[in-house]
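Residue numbers (this note's numbering): 143 to 489.
By construction, the Cβ of each residue, glycine as well, lies at the ideal position given by its N, Cα and C atoms.
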Ligand SMILES: Nc1ncnc2c1ncn2[C@@H]1O[C@H](COP(=O)(O)OP(=O)(O)OP(=O)(O)O)[C@@H](O)[C@H]1O
Ligand code: SF4
Ligand SMILES: [Mg+2]
């Protein structure tokens, strides 16, 4: 992946996560196909795409947490170690300690009958084998680090006693407890109002910079990605359709789907555009013989339904899976329809 622009770096950084041709199959349906990307130390990669495109399944495959009936193929290397080959017991040791994940709805991930402090302390006891007293102290410090006011008192509260923003901060504290090399955040701010969302994004940005952590940030919200990511992976119907440094992608997307997605980002003084209408189920697209986006693509030609376009390297460290990327001049369009890098964070 290209060097980052958002978090200052010098020279070549270590690759923390290398995903190579990852595929996920559930009940004989391929929901993720040949997804490849890597994340360096201190880099944030945004994984975007609309509902059902396979973002969460990609994350769960990396974590080794796929649902029953699902299987993963390909390669997922964390700091050079192949995760897909690990047994469950070995994976449990990696989760929490080297990779941590934050989900959209913290209430579903937190234990409702244990206090926040107990749950965070458990992470320290489990992974660092420290005493209950020290683990408790560290839990309070972790709550303070994610800027929860009065952390001593909050540590004694139950998840339902906290606001949505506080709960997400507590989840972050738990995820970061053992200083993982990689944080996967799956729509962590979607359920929050726009002000709290901005605070959580600031927090993630600061912690990532201080700890030089790699981040995979999953969202359908391109405005959020523009605030945080160095590079962006755009998924559509289980496949990567574009992969590029964030600045280049927002300035001039190559794939017609990315361009359409960018027109949905609200900008002050502009009405939000809509994507062309979708077939009601994503199933057709996952199983399409040609380009999965063909039924919605204004540039589709007959060749587009004959074969699936592969993810091909383009100029300036970019990759695109389209027979006629925008800007290649073959369809009379020089660039995406008037889309610019969004600045405003969506609610
Ligand atoms: N437990 C499951 N059993 C069977 N199929 C599933 C299961 N979970 C997800 N899928 C299917 O896998 C595909 C990818 O789903 P995934 O949850 O990864 O999408 P997503 O991009 O995360 O969407 P969203 O933005 O809505 O979270 C979808 O077609 C979905 O229907
Ligand atoms: S391959 Fe064809 S249908 Fe698919 S995005 Fe490109 S132009 Fe559109
Ligand atoms: Mg999801």
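Residue 209: CB within 6 angstroms of a non-hydrogen atom of ligand 1
Within the chain shown, the letter at position 67 stands for residue 209. Yes, Cβ of residue 209 sits closer than 6 angstroms to a heavy atom of ligand 1.
For the beta strand (DSSP E) holding residue 190, just list the boundary residues, first then last.
Looking up residue 190 in the chain shown gives position 48. Residues 186-190.
Just reading off the alpha helix (DSSP H) that residue 371 is part of, what are its end residues?
Numbered from 1 along the chain shown, position 229 holds the residue referred to as residue 371. No alpha helix (DSSP H) contains residue 371, which DSSP labels as neither H nor E.
My understanding is that residue 375 touches residue 187, with C-beta atoms under 8 angstroms, so please give their C-beta distance in whole angstroms.
For this step, residue 375 is matched to residue 233 along the chain shown. For this step, residue 187 is matched to residue 45 along the chain shown. Their Cβ separation, rounded to whole angstroms, is 6 angstroms, which keeps residue 375 and residue 187 in contact under 8 angstroms.
With ligand 2 as the reference, list in chain order each residue whose Cβ lies under 5 angstroms from any of its heavy atoms.
That query returns the following residues: 398, 433, 435, 436, 439, 441, 442, 446, 451, 464, 465, 466.
Would the beta-carbon of residue 249 fall within 7 angstroms of that of residue 301?
Counted from its first residue, the chain shown places residue 249 at position 107. Counted from its first residue, the chain shown places residue 301 at position 159. Yes, the pair counts as a contact, with Cβ atoms nearer than the cut-off.
Any contact between the stretch 316-327 and the stretch 238-248? By contact I mean 3 or more CB pairs, one from each, below 8 angstroms.
Taking a cut-off of 8 angstroms on C-beta distances, the stretch 316-327 touches the stretch 238-248, as three or more cross pairs fall below it.
Roughly how many whole angstroms lie between the Cα atoms of residue 192 and residue 164?
Locating residue 192 in the chain shown gives position 50, where the first residue counts as 1. Locating residue 164 in the chain shown gives position 22, where the first residue counts as 1. About 19 angstroms.
Run of the beta strand (DSSP E) containing residue 324, from where it starts to where it stops
Position 182 of the chain shown, counted from the first residue, corresponds to residue 324. DSSP places residue 324 inside the beta strand (DSSP E), whose first and last residues are 324-328.
Mind checking whether the beta-carbon of residue 198 lies closer than 6 angstroms to any heavy atom of ligand 3?
Numbered from 1 along the chain shown, position 56 holds the residue referred to as residue 198. Yes - ligand 3 has a heavy atom lying nearer than 6 angstroms to the Cβ of residue 198.
Where residue 184 falls, given that 16 or more other Cβ within 10 Å makes a residue buried
If you number the chain shown from 1, residue 184 lands on position 42. By the Cβ neighbour-count rule, residue 184 is buried, with 16 or more other Cβ atoms within 10 Å of its own.
Does the pairing of the stretch 269-278 with the stretch 340-353 give three or more beta-carbon distances under 8 angstroms?
Touching, no.
Closest Cα partner of residue 207 within the set 221, 166, 181
Within the chain shown, the letter at position 65 stands for residue 207. Residue 207 has its Cα closest to that of 166, out of 221, 166, 181.
Limits of the unbroken beta strand (DSSP E) element including residue 359:
Translated into positions along the chain shown, residue 359 becomes position 217. Residue 359 -> beta strand (DSSP E) spans 356-361.
Of the residues 292, 318, 380, 392, which one's Cα is nearest the Cα of residue 269?
For the purposes of this step, residue 269 is taken as the residue at position 127 of the chain shown. Distances from the CA of residue 269 to each of 292, 318, 380, 392 were compared; the closest alpha carbon is that of 318.
Residue 461 lies in the beta strand (DSSP E); which residues open and close that run?
The residue given as residue 461 occupies position 319 in the chain shown. Counting along the chain, the beta strand (DSSP E) containing residue 461 begins and ends at 460-462.
Buried versus exposed, by CB contacts within 10 Å (16 or more), residue 422
Numbered from 1 along the chain shown, position 280 holds the residue referred to as residue 422. Note that residue 422 scores 39 on pLDDT, short of 50, meaning its location in the model is unreliable; the coordinates nonetheless yield the value given after this. By the 10 Å Cβ count, residue 422 comes out exposed.
When the Cα of residue 161 is compared with those of 398, 305, 200, which residue comes out closest?
Within the chain shown, the letter at position 19 stands for residue 161. Answer by Cα proximity: 200.
Give a single yes or no on whether residue 194 has its beta carbon closer than 6 angstroms to a heavy atom of ligand 1.
Locating residue 194 in the chain shown gives position 52, counting from the first residue. Yes, Cβ of residue 194 sits closer than 6 angstroms to a heavy atom of ligand 1.
Where residue 258 and residue 174 are concerned, what is the direct C-alpha to C-alpha distance, given to the nearest angstrom?
The residue given as residue 258 occupies position 116 in the chain shown. The residue given as residue 174 occupies position 32 in the chain shown. Approximately 35 angstroms between the Cα atoms of the pair.
Would you check whether ligand 1 has a heavy atom nearer than 6 angstroms to the C-beta of residue 461?
In the chain shown, residue 461 corresponds to position 319, counting from 1. No, Cβ of residue 461 sits at least 6 angstroms from all heavy atoms of ligand 1.
Drop a sphere of 10 angstroms on the beta-carbon of residue 255, count the other beta-carbons inside from all chains shown, and report buried for 16 or more, exposed for fewer.
Against the chain shown, residue 255 aligns to sequence position 113. Its Cβ having fewer than 16 others within 10 Å, residue 255 is exposed.
Say whether the stretch 224-238 touches the stretch 277-296, bearing in mind that this needs 3 or more beta-carbon pairs closer than 8 angstroms, one atom from each stretch.
The stretch 224-238 vs the stretch 277-296: no contact.
Is any heavy atom in ligand 1 found nearer than 6 angstroms to the beta carbon of residue 338?
Locating residue 338 in the chain shown gives position 196, counting from the first residue. Checking the Cβ of residue 338 against ligand 1 gives no.
Around the C-beta of residue 159, are 16 or more other C-beta atoms found within 10 angstroms, so that it is buried, or is it exposed?
Within the chain shown, the letter at position 17 stands for residue 159. So residue 159 ends up on the buried side.
Please give me, in chain order, every unbroken run of the alpha helix (DSSP H) with length at least 4 that falls completely inside the stretch 185-272.
Counting only runs of 4 or more, we get 197-205, 230-236, 248-251, 258-270.
Spell out a yes or no on whether the stretch 395-404 and the stretch 462-470 are touching, meaning 3 or more CB-CB pairs, one atom from each, closer than 8 angstroms.
As far as the Cβ criterion goes, the stretch 395-404 touches the stretch 462-470, which means the pair count is three or higher.
Say the cut is 6 angstroms; is the CB of residue 375 nearer than that to a heavy atom of ligand 4?
Ligand 4 is absent from the structure shown, which contains only ligand 1, ligand 2 and ligand 3.
Under 8 angstroms by Cβ, that's how I've got residue 215 and residue 168 pegged, so tell me the actual separation to the nearest angstrom.
Position 73 of the chain shown, counted from the start, is the residue given in the question as residue 215. Position 26 of the chain shown, counted from the start, is the residue given in the question as residue 168. Cβ atoms of residue 215 and residue 168 stay farther apart than 8 angstroms, at about 12 angstroms.
Express the C-alpha separation of residue 271 and residue 361 in angstroms, rounding to a whole number.
Taking the first residue of the chain shown as position 1, residue 361 is located at position 219. Taking the first residue of the chain shown as position 1, residue 271 is located at position 129. If you take the alpha carbons of residue 361 and residue 271, they lie about 34 angstroms apart.
Start and end residues, alpha helix (DSSP H) containing residue 347:
Here residue 347 refers to the residue found at position 205 when the chain shown is read from its first residue. According to the DSSP assignment, residue 347 belongs to the alpha helix (DSSP H) that extends over 336-353.
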